[in-house]
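Residue numbers for the sequence shown follow our numbering, beginning at 121 and rising by one.
All C-beta atoms, glycine included, are put in the ideal place defined by N, C-alpha and C.
Note that the coordinates shown come from a computational prediction; the quantities given were computed from them, not determined experimentally.
See below for the structure under consideration.
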Amino acid sequence: MTGANAKRPRICLLAAPETSPGVLYGLYDVLSTAGPAYADMTSGEPAETILDVRIVSAASEPFRCFGGVMVEPHGNIDQIDETDVAIVCDIYTPIDKPPHGRYGREIDWLKQVYAKGAILGSVCSGTLLLAEAGLLDGQEASGHWAYRELCRVHYPKVKLRVGTILSRAGDRDRIVTAGGATSWQDLALYLIARLCGSQHAIRTAKVHILSDHSDGQLPFAVISPRKQTTDALIGECQSWIGEHYACENPVAKMTERSGLKPRTFARRFVAATGFHPVDYVHVVRIEEAKQLLETAKANVEEIGHTVGYEDPTFFRRLFKRKAGLTPAAYRRKFSKLVALESP
Numbered sequence: 121m122t123g124a125n126a127k128r129p130r131i132c133l134l135a136a137p138e139t140s141p142g143v144l145y146g147l148y149d150v151l152s153t154a155g156p157a158y159a160d161m162t163s164g165e166p167a168e169t170i171l172d173v174r175i176v177s178a179a180s181e182p183f184r185c186f187g188g189v190m191v192e193p194h195g196n197i198d199q200i201d202e203t204d205v206a207i208v209c210d211i212y213t214p215i216d217k218p219p220h221g222r223y224g225r226e227i228d229w230l231k232q233v234y235a236k237g238a239i240l241g242s243v244c245s246g247t248l249l250l251a252e253a254g255l256l257d258g259q260e261a262s263g264h265w266a267y268r269e270l271c272r273v274h275y276p277k278v279k280l281r282v283g284t285i286l287s288r289a290g291d292r293d294r295i296v297t298a299g300g301a302t303s304w305q306d307l308a309l310y311l312i313a314r315l316c317g318s319q320h321a322i323r324t325a326k327v328h329i330l331s332d333h334s335d336g337q338l339p340f341a342v343i344s345p346r347k348q349t350t351d352a353l354i355g356e357c358q359s360w361i362g363e364h365y366a367c368e369n370p371v372a373k374m375t376e377r378s379g380l381k382p383r384t385f386a387r388r389f390v391a392a393t394g395f396h397p398v399d400y401v402h403v404v405r406i407e408e409a410k411q412l413l414e415t416a417k418a419n420v421e422e423i424g425h426t427v428g429y430e431d432p433t434f435f436r437r438l439f440k441r442k443a444g445l446t447p448a449a450y451r452r453k454f455s456k457l458v459a460l461e462s463p
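Dropping the structure here:
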């Protein structure tokens with residue numbers, strides 16, 4: 121890696137018309153300047169690039185990606201038989217529509233380079249392509265929290281971890297998936313460290329002022345299950361608890377309203393929503409508590425009581441488990457944004 125003739129690891133950034141330009145060009149900028157940027161910023165002396173970064177797509181000709189931003193690929197995937205790393209930049213798809221029957225050439229290419237030893241990466245919705253390819257079956261994966269329900273229904277073999285930023289899976293950890301869109305920063309630093317050493321990763325982080333998402337995705341995740349339509353009875357219970365989440369014994373009252381036996385109700389509720397009834401109540405309550413912490417001035421104990429928790433200690437512990445932060449820390453995290461609101 122130090123000599124002029126040293127082979128630089130090749131990283132291919134897979135793009136499509138649905139790709140976010142922020143992820144694509146953010147990755148390209150950081151990865152392609154790893155090495156020379158630090159030297160330039162600290163000494164003004166030129167330095168060699170340490171990575172060979174290329175933008176690739178299924179088509180050779182230029183195209184416009186999400187938002188109408190122009191992309192000029194360095195190459196067509198049909199022209200690339202091998203690469204050290206292939207990253208699926210986020211490829212937007214609606215949260216209720218999996219990419220079935222789409223991106224066939226891209227998926228075949230990903231399988232091909234993986235079989236030849238490449239590391240595969242993905243960012244945000246890009247994880248769905250790896251799931252569609254079957255490469256994540258039985259594996260843990262990170263992806264945007266908004267796709268939790270889609271993965272549960274369409275990719276049940278994938279263990280989506282909505283709270284994590286990076287997940288490693290596959291043979292020799294050769295599949296690395298990243299969470300939400302800005303998680304590309306964590307993926308970039310991880311790959312630089314893995315391919316070129318931690319010192320280069322540290323220097324790149326310093327130049328671009330990058331910091332890992334040490335709190336994970338949970339503080340940002342809005343885990344509000346959508347009202348399902350496959351089971352009308354359970355859908356009605358979802359609507360009811362959405363208005364009465366703070367009542368006492370909410371699961372018992374939902375069960376009573378359904379007219380079903382407790383075990384039958386629980387089984388149908390899980391089948392329809394993916395949540396056990398008590399977990400669903402906690403999710404609804406915690407999401408309401410988040411909104412109150414963001415906007416209301418009431419203290420934590422009052423907010424816990426408002427959403428249905430009499431025991432403030434239990435509320436704090438549950439909130440941290442579901443949101444990744446204590447209620448007080450969560451409020452501090454977003455308080456600066458609230459303060460920016462015009463008077």
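- Secondary structure note for C316: its alpha helix (DSSP H) is the uninterrupted segment W304 to C316.
- Under the DSSP assignment, I227 falls in the alpha helix (DSSP H) whose first and last residues are G224 to A235.
- Between F389 and K440, the alpha-carbon positions lie close to 25 angstroms from each other.
- DSSP, read as helix, strand or coil, puts F183 in strand.
- Every alpha helix (DSSP H) stretch that sits fully inside the segment 375 to 453 and reaches 4 residues is listed by chain position as 382 to 393, 397 to 415, 420 to 426 and 432 to 443.
- Spanning the alpha carbons of A167 and K326 requires a straight line of approximately 17 angstroms.
- H328 and Y310 have their C-alpha atoms some 15 angstroms from each other.
- No Cβ-Cβ contact shorter than 8 angstroms links S262 with Y212.
- L255 places its beta carbon less than 8 angstroms from that of G290.
- Distance between G241 and P182, taken at the CA atoms: about 23 angstroms.
- Within the same chain, Cβ atoms closer than 8 angstroms to the Cβ of D172 are found at R128, P129, R130 and I131, the five residues on either side in sequence being excluded.
- In the three-state DSSP reduction, C132 falls in the strand class (E or B).
- Taking C-alpha positions only, V143 is separated from A206 by approximately 14 angstroms.
- CA-CA distance, S152 to I312, rounds to 10 angstroms.
- Measuring C-alpha to C-alpha distances from I322 to each of L270, F395, D306 and N369 identifies D306 as the nearest.
- Annotated three-state conformation of A266 is helix, per DSSP.
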